[in-house]
Amino acid sequence: MKIFLKKKRTAERLLLPLLFILPLLLPACGGGEKGTAPEGEEGTAPDAGSHRPVLTIAEQYGLAYAPLQIMRRKAFLEEELPGYRIDWQRLGNTAAIREAMLAGRVDVGFMGIPPFLIGYDRGMEWKIFTGLSEAPLGLVTWRKDIRALTDFRPDDRIALPQPGSIQHILLTMACERQMGSAAALDDNLVTMNHPDGMQALLGRRDITAHFTSPPYLMEELSEPGMRQVLSGTEAMGGEFTFIVGAALDRLLWKDPAAVEALRRALDRAEALLRDHSEEAVSILAGEYDIDPQRLRVYLEWPGLSYGRSVKGLEEFISFMRASGYLEREFGSRDVVEEEK
Amino acid sequence: MSTNAELSERGRRRRQIGVVLLLLIIWEAAARLSGVSPLLFPPVSEVVRTLISDLGRGVLPGRIGYSLLIVAEGVGIGLAAALLLSLAGHANRHIGMAVDTLVALMHPLPGIALLPIVILWAGVGHTAVLLIIVHSVLWPLTTSITAGIRTIAQHLYDVSRNFRLNPARMAVHLIVPGIFPHMMSGMRIGWARAWRALIAAEMVFGAAGGGGGIGWYIFQKRVFMDTRGLFAGILVIMLIGILFESYLFDAVERITIRKWGVSR
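Chains as they are written, first to last, in our numbering: chain A, 3 to 342; chain B, 18 to 281.
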């Protein structure tokens, strides 16, 4: 009897923790199927509940992503792509979007051209299917003695999102042109996301300069004493698309209709934005928690425009290959999915 | 001349190496046979190739050196501060109580939780990382050293007083050997916490200026989508961890406390 009791206790000891762990594991397993696009007949996975296909789109925060916010709030894509469930994800940085797409959790992602190219170069199977926006980018400083890139001293610090980001690549382009070496300022860089970088710059202590994009650029430049040392177009030597949309090859092959619908929805959103309509402004003011008056000024800022063309791709590819950021041989045609 | 204990120790090491080799073979086979994209799960042979090439180009040695130096600096400061705190606590009962309370409050706080405040006070960069490391080391060390001082038997103090040892000689001949085993176990905990805190901190705000440690190496590999490099960084962190935790500390203990006979 005693032995029996003892045995039972051992069994309990094993079973009890299992009972606690199992419910934790189950939803995790289920979550694996959500939003992915496995090798089905269609490019997208069926929605577990209603068997609707799911299209998962990842974006980041910033005024350059405005057409996506309009599209989501106005449900343009739902209208253009009936029968699909649209899943939006806002991720903190491009690396996270890339990883989510690599893992098959996200079908479509929006990002700068350089991070897209790095992913393509390393073997990610994806293509640019649309441009999204052009935007003023700039290197802002509070220091009066800094008038050009050559004025930075070794202990000055420049904040930007991350190595390999469009801000970093633009800075290295300008360094090569003005200082003779693409890596001239690499030892001065500090990795910070835009909000942290802006806080640090406005603190006027640790960070000498901040390479940023709208709306942070506008907010920094409206502070007294802040000046722009370098603009994105100066760095590039021409116009370029800031944010592009990238889709996994799997989606492009298996569900071209979804990609087409996405393009149409973007066109509608961008049309609404282009004439700075009351409606667009009020939607965005809510999204960014910005005063509508100020937002209108930002939207009319020179250099900010929305459209689906892709500019500057070839320049990015050749510069990034020449300075060692890209290793494989490919051209702009290989990475863009043309419209039919 | 090898004793039984040494033999069994050697056998244990050999078995451990066997397990590691087996794991590496399973890794290689799984990565090659599963057909998973090497961007998600690269075979170990490619990881090792990246590791060797980054070691050869001097990228990794620089990063490793930076990390180890800053940990050494932090552990040094932490050790000095912990000795000061616990000796002060030993000398005066009220200070002792205050130190105990402080340790109880600070010890459970993970360094990384302090990071936002540290950035506010010290900015980003070397000082901030150093502060996080000192925080991770100071409290476990203070606890162990205080415990060490308390376990030295009262009659040993009495004896040394009978020999009229002055405080300096008492410290050298009684307190240091007496607290050493405790200090070493505190150092083990402190080092482990410092190492983890360092990697975490570096991955949060990356490098400032030209410097950057092994956490920054992993961060860079991530943004440039070099999965092999990511794994290489993780291997390096593991290897350094093993090197310190199961070899270096053992060696130090062998040449100190076991020789002095305070611990076996």
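Heads up, the beta-carbon is just placed ideally off N, CA and C, and yes, glycines get one too.
Asked: Specify, as a first and last residue, the run of the alpha helix (DSSP H) that B/Met123 falls within.; Found: 110-123
Asked: Quick check on this structure: which residue in A/Ala249, A/Val142, A/Asp157 has the alpha carbon closest to the alpha carbon of A/Met126?; Found: A/Ala249
Asked: Whole angstroms are fine: how far does the CA of A/Trp144 sit from the CA of A/Glu41?; Found: Confidence at A/Glu41 is low in this model, with a pLDDT of 39, below 50, so the placement of that residue should be treated as unreliable; the coordinate-derived value is given next. Whole-angstrom Cα-Cα distance: 53 Å.
Asked: Check each candidate in A/Ala186, A/Ala97, A/Thr214, A/Asp189 and name the one with the smallest Cα separation from A/Gly199.; Found: A/Thr214
Asked: When you compare the CB of B/Val92 with every CB in chain A, is at least one pair closer than 9 Å?; Found: no
Asked: Which runs of the alpha helix (DSSP H) at least 4 residues long sit entirely within the region 37-116 of chain B? Give them in chain order.; Found: 61-73, 76-108
Asked: For a contact meaning CB atoms closer than 8 Å, what does B/Leu57 contact in chain A?; Found: Leu104, Ala105
Asked: Could you check where the alpha helix (DSSP H) with A/Phe229 kicks off and where it finishes?; Found: One detail in the question is off: residue 229 of chain A reads as Arg in this sequence, not Phe. It is not in any alpha helix (DSSP H) - A/Arg229 instead sits in the beta strand (DSSP E) that spans 229-233.
Asked: Taking 9 Å as the CB-CB cut-off, is A/Arg155 touching chain B?; Found: no
Asked: What residues from chain A crowd round B/Gln237, counting only those whose CB sits closer than 8 Å?; Found: Pro165
Asked: When you compare the CB positions of A/Leu139 and A/Leu172, do they come within less than 9 Å of one another, or not?; Found: yes
Asked: For B/Ala145, list the residues DSSP reports as bridge partners.; Found: Note: B/Ala145 sits in no beta bridge, so no partner.
Asked: Could you name the residues of the same chain whose beta carbon sits closer than 8 Å to that of A/Arg92, not counting the 5 residues immediately before and after it, in chain order?; Found: Ala60, Glu61, Gln62, Tyr63
Asked: Taking just the CA atoms, how far does B/Leu126 sit from A/Ser233?; Found: 43 Å
Asked: Using CA coordinates, which residue listed in A/Gln201, A/Gly314, A/Met103, A/Ala287 is at the minimum distance from A/Arg335?; Found: A/Gly314
Asked: Does the Cβ of A/Ile72 have 16 or more other Cβ atoms within 10 Å, making it buried, or fewer, making it exposed?; Found: buried
Asked: For B/His111, does the count of other Cβ atoms within 10 angstroms reach 16, so buried, or fall short, so exposed?; Found: exposed
Asked: I need the boundaries of the alpha helix (DSSP H) containing B/Gly128, first residue and last residue.; Found: 128-139
Asked: Can you have a look at B/Gln237 and say buried or exposed, based on whether 16 or more other CB atoms are within 10 angstroms of its CB?; Found: buried
Asked: When Cβ atoms are compared, which residues of the region 201-212 of chain A fall closer than 7 Å to chain B?; Found: Arg207, Asp208
Asked: Which residues bound the beta strand (DSSP E) around A/Arg92?; Found: 87-92
Asked: Let me check understanding here. Comparing Cα to Cα, which of A/Glu316, A/Pro69, A/Thr96 lies closest to A/Gly239?; Found: A/Glu316
Asked: Going straight from the alpha carbon of B/Gly113 to that of B/Ser103, what length do you get?; Found: 7 Å
Asked: What does A/Ile120 touch in chain B if you count any residue whose Cβ is under 9 Å from its own?; Found: Val240, Phe241, Met242
Asked: Ordered along the chain, which non-local residues of its own chain (more than five positions away) have a Cβ less than 7 Å from that of B/Leu100?; Found: Ile162
Asked: The alpha helix (DSSP H) that contains A/Glu80, what's its start and end?; Found: 78-82
Asked: Would A/Tyr308 be called buried (16 or more neighbouring beta carbons within 10 Å of its own) or exposed?; Found: buried
Asked: Decide if B/Thr67 is buried, meaning its Cβ has at least 16 other Cβ atoms within 10 Å, or exposed.; Found: buried
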